[in-house]
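Trainee: One structure, as structure tokens, below. Some questions next.
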Amino acid sequence: MSKVHGGKLAARALKNAGVECIFTLCGGHVMPIYDGCLDEGIRIIDVRHEQATTHAADAWARVNPGKIGVAVVTAGPGVTDCVTGVANAWRANSPILVLGGQGPLSNLRRGSLQEMD
4 MSKVHGGKLA ARALKNAGVE CIFTLCGGHV MPIYDGCLDE GIRIIDVRHE QATTHAADAW
64 ARVNPGKIGV AVVTAGPGVT DCVTGVANAW RANSPILVLG GQGPLSNLRR GSLQEMD
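This note's numbering numbers the first residue of the sequence shown as 4 and each following residue consecutively.
Encoded structure:
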């Protein structure tokens, strides 16, 4: 039996919520969720900037009534770069979900790569 990790559990929850695709900019902190999405049949759409993830998730939610748009971004600057898209979706009442990466808890508050709390 293979080990189940957080990325697989997150993808399973997304699938159960009816998510068909995620918008992302590949980052090391969120790699496990990609494995889970592949296993669950969730399409992974890679973009060139984190801000595009949330704008795309917003657009997805608008053209697919009843569905949520999902953005997956890496830790630190990945999260902060997507804020404009979040604000735009909020103003339009678009249902989006942003999943941001985080380093290992054992490294928290030690200045690890892209750490932001």
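Where is the CB? At the ideal position from N, CA and C, for every residue including glycine.
DSSP state of Lys-24, grouped into three classes?
Mentor: In the sequence shown, residue 24 corresponds to position 21, counting from 1. The question names Lys, but residue 24 in the sequence shown is Cys. It is a strand residue.
Trainee: Just to confirm the assignment, what range does the alpha helix (DSSP H) spanning Val-89 have?
Mentor: As a first step, residue 89 must be located in the sequence shown, where it is residue number 86. That run of the alpha helix (DSSP H) goes 86-94.
Trainee: For Val-33 versus Thr-77, is the C-beta spacing smaller than 8 Å?
Mentor: Taking the sequence shown and counting its residues from 1, one reaches residue 33 at position 30. Taking the sequence shown and counting its residues from 1, one reaches residue 77 at position 74. Yes, the Cβ-Cβ distance between Val-33 and Thr-77 is below 8 Å.
Trainee: In terms of residues, what are the limits of the beta strand (DSSP E) holding Arg-46?
Mentor: Counting from 1 along the sequence shown, the entry for residue 46 is found at position 43. Counting along the chain, the beta strand (DSSP E) containing Arg-46 begins and ends at 46-49.
Trainee: In the DSSP assignment, find the unbroken alpha helix (DSSP H) run with Gly-79 in it and report its ends.
Mentor: For this step, residue 79 is matched to residue 76 along the sequence shown. Element bounds for Gly-79: n/a, residue is neither H nor E.
Trainee: Within 8 Å, do at least three Cβ pairs link the stretch 84-91 to the stretch 35-48?
Mentor: Touching, no, given that fewer than three Cβ pairs across the two stretches are closer than 8 Å.
Trainee: Looking only at C-alpha atoms, which of Thr-57, Val-22, His-52, Trp-63 sits nearest to Leu-41?
Mentor: Here residue 41 refers to the residue found at position 38 when the sequence shown is read from its first residue. Of the candidates Thr-57, Val-22, His-52, Trp-63, the one whose C-alpha sits nearest the C-alpha of Leu-41 is Val-22.
Trainee: Buried or exposed for Gly-72, please, with buried defined as at least 16 other CB atoms from any protein chain shown within 10 angstroms of its CB.
Mentor: One-based indexing of the sequence shown puts residue 72 at position 69. With 16 or more other Cβ atoms within 10 Å, it is buried.
Trainee: In the DSSP output, what is Val-101 paired with across the bridge?
Mentor: Residue numbering aside, residue 101 sits at position 98 when the sequence shown is read from its first letter. Its beta-bridge partners are Ala-74.
Trainee: Throw me the rounded Cβ distance for the Gly-30 and Lys-11 pair, which I believe falls under 8 Å.
Mentor: Residue mapping note: residue 30 aligns to position 27 of the sequence shown, counting from 1. Residue mapping note: residue 11 aligns to position 8 of the sequence shown, counting from 1. Between Lys-11 and Gly-30 the Cβ distance is about 18 Å, and since that is not below 8 Å, they are no contact.
Trainee: Please confirm whether Ala-62 and Thr-27 have their CB atoms less than 8 Å apart.
Mentor: Reading the sequence shown from its first residue, position 59 is the one you call residue 62. Reading the sequence shown from its first residue, position 24 is the one you call residue 27. Against a cut-off of 8 Å, the Cβ pair of Thr-27 and Ala-62 comes out as no contact.
Trainee: If you follow the alpha helix (DSSP H) that Lys-6 is part of, which residue opens it and which one closes it?
Mentor: Sequence index remark: in the sequence shown, residue 6 carries index 3 (1-based). Premise fails: Lys-6 is in no alpha helix (DSSP H) and is neither H nor E.
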